[in-house]
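>
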Amino acid sequence: MKPSPLGQQKGRRRILPVAALLLCAALFSALGVWQVNRLAWKRALIAHVNEVSTANPVEARLLPMAPSPRDLAGLEYRHVWALGRFEPQGTTLVSALTERGAGYWVMAPLRMADGRAVWINRGYVPLGSTALAEAAQTPTGEVAITGLLRKTEPKGRFLQANVPAQDRWYARDIAAISATRGVKGQAAWFIDAQGPEIPGHPIPGLTVVQFPNSHLQYALTWFAMALLSLFAIRLVWRRAA
Numbered sequence: 008m009k010p011s012p013l014g015q016q017k018g019r020r021r022i023l024p025v026a027a028l029l030l031c032a033a034l035f036s037a038l039g040v041w042q043v044n045r046l047a048w049k050r051a052l053i054a055h056v057n058e059v060s061t062a063n064p065v066e067a068r069l070l071p072m073a074p075s076p077r078d079l080a081g082l083e084y085r086h087v088w089a090l091g092r093f094e095p096q097g098t099t100l101v102s103a104l105t106e107r108g109a110g111y112w113v114m115a116p117l118r119m120a121d122g123r124a125v126w127i128n129r130g131y132v133p134l135g136s137t138a139l140a141e142a143a144q145t146p147t148g149e150v151a152i153t154g155l156l157r158k159t160e161p162k163g164r165f166l167q168a169n170v171p172a173q174d175r176w177y178a179r180d181i182a183a184i185s186a187t188r189g190v191k192g193q194a195a196w197f198i199d200a201q202g203p204e205i206p207g208h209p210i211p212g213l214t215v216v217q218f219p220n221s222h223l224q225y226a227l228t229w230f231a232m233a234l235l236s237l238f239a240i241r242l243v244w245r246r247a248a
């Protein structure tokens, strides 16, 4: 017995919306699983950063100057220290946006006893501050710096690219700054200095080591949308019956 035209019409009315909703349910489920994986990654990252940033500092000379990207990711935020002399001609102001407002990071190369150099982020100075003039005056003699190891930043914030020819810096791109300032033998990373705040000097210790972790909420949202899609399939099927 052939199905009636009315039955065929109802069947067609079911197929397209049900197929679309099944596709949505599959997509939402995949996004939920992806967020679960991201949650595991973020928790591992937070645990790693908490461990290395609070551990006893490691001497910078014992670390690789040009680690692979994977090794560098494992070294970031490690507590390190370096002993050497600043090279004042290398001091560079890099645009910064911090919890204290807009200003500059004061970057300066520190030449260690073995001849290699490591860039130091001495700290933050606000726009229009009288500390800007003093920031260019690096400490003389041998100094010891303790801080957190950071990866180089080849890109600026808000899509602003560095303009070395005009001495305008928006990112702490160690290779580019070193080439412009004539600094050689430098590490591919830099140190965010930590220490007490001294009036008239760059403000150290503003490194943000807290990471937002909303992946669980995102995962639950995607899974809820997948369930709603399945519920909608049931409604469509019943109404078309």
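Residue numbers for the sequence shown follow the numbering used here, beginning at 8 and rising by one.
Don't be surprised by glycine CBs; every beta carbon is placed ideally from N, CA and C.
1. Based on Cα-Cα distance, which residue from A172, N128 and A151 lies nearest to E160?
2. With distances taken between CB atoms, is the gap from R157 to Q96 smaller than 8 Å?
3. In the DSSP output, which residue or residues are listed as bridge partners for K158?
4. Take the Cβ of W112 as the centre, count every other Cβ of all protein chains shown within 10 Å, and call the residue buried at 16 or more, exposed below.
5. With P64 and W88 assumed to form a contact (beta carbons below 8 Å), what rounded beta-carbon distance in angstroms separates them?
6. Let me confirm a value: R85 is counted as buried when at least 16 other C-beta atoms fall within 10 Å, else exposed. Which label applies?
7. Does the distance from the CB of A182 to the CB of A73 come in under 8 Å?
8. Measuring only the C-alpha atoms, how far is A186 from V132?
9. Can you check DSSP and say which residues form a bridge with V150?
10. Run through the DSSP bridge pairs and tell me what S102 is partnered with.
11. In angstroms with no decimal places, state the Cα-to-Cα distance between I53 and Q217.
12. Just mark L28 as buried or exposed, buried being the case when its beta carbon has 16 or more other beta carbons within 10 Å.
13. Mind checking which residues open and close the beta strand (DSSP E) that includes P133?
14. According to DSSP, L117 sits in a beta bridge with which residue or residues?
15. For M119 and D180, I'd like the C-alpha separation in whole angstroms.
16. Specify the secondary structure class of A239 as computed by DSSP and reduced to three states.
17. Look at the alpha carbon of V43 and the alpha carbon of V190, and state the distance between them as a whole number of angstroms.
18. Take W48 as the anchor and find which of L69, S221 and S236 has the nearest alpha-carbon.
19. For Q201 versus P211, is the C-beta distance shorter than 8 Å?
20. Below 8 Å on the Cβ atoms is my contact criterion, and I expect G192 with R123 to pass it. Report the Cβ-Cβ distance as a whole number of Å.
21. Quick check: what's the CA-CA separation for A103 versus L79?
22. Bridge partners of E66, per DSSP?
Let me lay it out:
1. E160 has its Cα closest to that of N128, out of A172, N128 and A151.
2. no
3. W196
4. Here W112 is buried, its C-beta having at least 16 other C-beta atoms within 10 Å.
5. 4 Å
6. buried
7. no
8. 24 Å
9. G91
10. Y111
11. 8 Å
12. buried
13. Under the DSSP assignment, P133 falls in the beta strand (DSSP E) whose first and last residues are A124 to P133.
14. F93 and V125
15. 20 Å
16. helix
17. 44 Å
18. S221
19. yes
20. 5 Å
21. 23 Å
22. W88
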